[in-house]
Amino acid sequence: MIMKKESYYDLVYYITSKIPEGRVSTYGAIADYLSLGSARMIGWALNQCNATGNGDIPAHRVVNRKGELSGRVHFNPPSKMQASLGAEGIIVKDNRVENFEDLFWHPEELDDK
DNA sequence: TCTTTGACGTACA
DNA sequence: GTGTACGCCAAAG
15 MIMKKESYYD LVYYITSKIP EGRVSTYGAI ADYLSLGSAR MIGWALNQCN
65 ATGNGDIPAH RVVNRKGELS GRVHFNPPSK MQASLGAEGI IVKDNRVENF
115 EDLFWHPEEL DDK
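One rule links them: number in our numbering = place in the first sequence (from 1) + 14.
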C-alpha cells in the first residue's frame, strides 16, 4: 500500500476501487493486507461508503471468505449487486460466486505491479 | 463511559 | 455440514 496515513475506510475504498473488473476479493484478504486486524472493519467501511452513496466503490466485488454475497442486502437495490457482477462476466449462483477461487483477487497484486 | 451491534473469520464440538 | 463461541475494532445510542 503506497498511501500513507489514511483512515482505515480510505484504505478500503482504495483497495476496493482497484479490484479489476471481472474479479472479486474478500473481506479477510483486504483486512489482512491493510492490517486492519479484523474483516469486520471492511464491512463497516463499505457500509459507510454505500450509506454515503459512493457509487464509485465497486463494493459488489467484495464477498466473504466463502464467496457469498453476504452484503447484498445493503445495496440499493440488493439485486443490483448480482446484476453488476453478472454484467462483468461473474456468474453468481445462489448468492455465491461461481468459480470463486479462480476469480479471487488479492490486494498483493497491486504491489507486484 | 459502557453496551450493543456489525457487509467477517477462525476454531472447536 | 451445522451450531456455538470468541476475537477483532469502530460507530451509534
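Built from N, CA and C at the ideal position, the CB exists for glycine as well. Treat the numbers as computed from the prediction; the structure is a model and nothing was measured.
- For residue 78, there is no enclosing alpha helix (DSSP H), as DSSP marks it with neither H nor E.
- Taking residue 43 as the centre and dropping the five residues before and after it, the same chain places the C-beta of 120, 121 closer than 7 angstroms to its C-beta, in chain order.
- Here the alpha carbons of residue 65 and residue 88 stand approximately 9 angstroms from one another.
- With respect to the C-alpha of residue 125, the residue from 52, 117, 110, 33 having the closest C-alpha is 33.
- Residue 126: member of the alpha helix (DSSP H) spanning 122 to 126, first to last residue.
- Around residue 103, the same chain offers 36 as residues with beta carbons nearer than 6 angstroms, after the five sequence neighbours per side are excluded.
- Burial state of residue 79 is exposed, judged by a 10 Å Cβ sphere holding fewer than 16 other Cβ atoms.
- Between the C-alpha atoms of residue 45 and residue 70 there is a straight-line separation of about 20 angstroms.
- Excluding sequence positions up to five before and after residue 112, its CB lies within less than 6 angstroms of the CB of 105, all in the same chain and listed in chain order.
- Following the DSSP letters along the chain, one finds residue 94 inside the alpha helix (DSSP H) bounded by residues 93 to 101.
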